[in-house]
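S.K.:
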Amino acid sequence: MATIKVIDVLDRASILLQDATHTRFPNAELLKFFNDAQREIVLQRPDANMINENQSLATGTKQSLPSNGLRLIDIVRNQNGRSITQVDRKILDESLPNWHESTAGVNKIENYIYDGSDPKNYYVYPKAVSGTHTIEIIYSKSPTDVTISDFTNDTQTITLDDIYANTILDYIMYRAYQKDAEFAGNTQKAMMHYQSFSNSIGVKTQADTVLTPIPSTSMAVR
Numbered sequence: 001m002a003t004i005k006v007i008d009v010l011d012r013a014s015i016l017l018q019d020a021t022h023t024r025f026p027n028a029e030l031l032k033f034f035n036d037a038q039r040e041i042v043l044q045r046p047d048a049n050m051i052n053e054n055q056s057l058a059t060g061t062k063q064s065l066p067s068n069g070l071r072l073i074d075i076v077r078n079q080n081g082r083s084i085t086q087v088d089r090k091i092l093d094e095s096l097p098n099w100h101e102s103t104a105g106v107n108k109i110e111n112y113i114y115d116g117s118d119p120k121n122y123y124v125y126p127k128a129v130s131g132t133h134t135i136e137i138i139y140s141k142s143p144t145d146v147t148i149s150d151f152t153n154d155t156q157t158i159t160l161d162d163i164y165a166n167t168i169l170d171y172i173m174y175r176a177y178q179k180d181a182e183f184a185g186n187t188q189k190a191m192m193h194y195q196s197f198s199n200s201i202g203v204k205t206q207a208d209t210v211l212t213p214i215p216s217t218s219m220a221v222r
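Its first residue numbered 1, the sequence shown is counted upward by one per residue in our numbering.
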């Protein structure tokens, strides 16, 4: 759980920008950069804001993440504890061509299918029935924008873990110097902070490779 306050991150940015009076960079503008930073981090590192919760399934095989979900990380089990394993869709298509029509018994979702190129949707087998099937899922969630009216006394903490505070700061600095790119040296400063930001979170393709569920190549025996 984060302990660093948002206004403290903004204050550090103002100090580094030598704008303690917030003349060139008002706090409201820095807050926009802050919100952009959190979204960018989660886009590049889905594990930075993961949610583990139960999801009630819709009728059918195709399911969607909650509206704030960015990508599926894993599906753990039925609500009653029965495990759910990932399989390759081709395995089901070849062995059970009519698998989309098979209805699951109570608490008997057996497998799920996920394609990282369609990150907000997944399929379950056998097909679910609304109001009957609930499963435990882990997914990456888009951070909600932080809003602040009192930049002196606000107590909201950053949404992500404290370890991302410096990463957020680098992104804010990048956006601020990018705004003032017409001044000598600011383009280089912007790129320096963006490079630091990028280095601290890695690249998205690496994160996706690590976190995208990898299906089994064989059907589980039930």
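Quick reminder that beta carbons are idealized off the backbone N, C-alpha and C, glycines included.
Please read all numbers here as calculations on a predicted model, not as lab measurements.
1) Please state the DSSP three-state secondary structure of Leu160.
2) Compute the distance between the beta-carbons of Leu30 and Ile172, then report whether it is under 7 Å.
3) Keeping to the same chain, check which residues put their C-beta closer than 8 Å to that of Gln63; ignore five residues upstream and five downstream.
4) Should Phe25 and Arg175 be called a contact, given that it needs their Cβ atoms to be closer than 7 Å?
5) Closest to Asn35 by C-alpha separation, out of Thr59, Asp19, Gly60 and Val9, would be which residue?
6) Looking only at C-alpha atoms, which of Leu43, Met1, Thr103 and Ser142 sits nearest to His133?
7) Closer than 7 Å, CB to CB, is His133 near chain E or not?
8) Rounded to whole angstroms, what's the CA-CA distance from Arg12 to Ile4? Just pull it up for me.
9) Closest to Tyr164 by C-alpha separation, out of Phe151, Thr152, Ser200 and Ala181, would be which residue?
10) Relative to the alpha-carbon of Ala2, which residue among Asp162, Asp118 and Thr144 has its alpha-carbon at the smallest distance?
11) Report the three-state DSSP secondary structure of Ala20 (helix, strand or coil).
M.R.: To lay it out plainly:
1) In the three-state scheme derived from DSSP, where H, G and I count as helix and E and B as strand, Leu160 is classed as coil.
2) In contact: Leu30 and Ile172 (Cβ atoms closer than 7 Å).
3) Gln55, Leu57, Asn121, Tyr122, Tyr123, Val124 and Ala128, listed in sequence order.
4) Contact check for Phe25 against Arg175 fails: the beta carbons are separated by 7 Å or more.
5) Measuring from the Cα of Asn35, the nearest candidate turns out to be Val9.
6) Here the closest residue by C-alpha is Thr103.
7) Considering every chain present, this structure includes no chain E. It has just one protein chain.
8) If you draw a straight line from the Cα of Arg12 to the Cα of Ile4, it is about 12 Å long.
9) Between Tyr164 and the set Phe151, Thr152, Ser200 and Ala181, the nearest pair of CA atoms involves Ser200.
10) Distances from the CA of Ala2 to each of Asp162, Asp118 and Thr144 were compared; the closest alpha carbon is that of Asp162.
11) In the three-state reduction of the DSSP assignment, Ala20 falls in the coil class.
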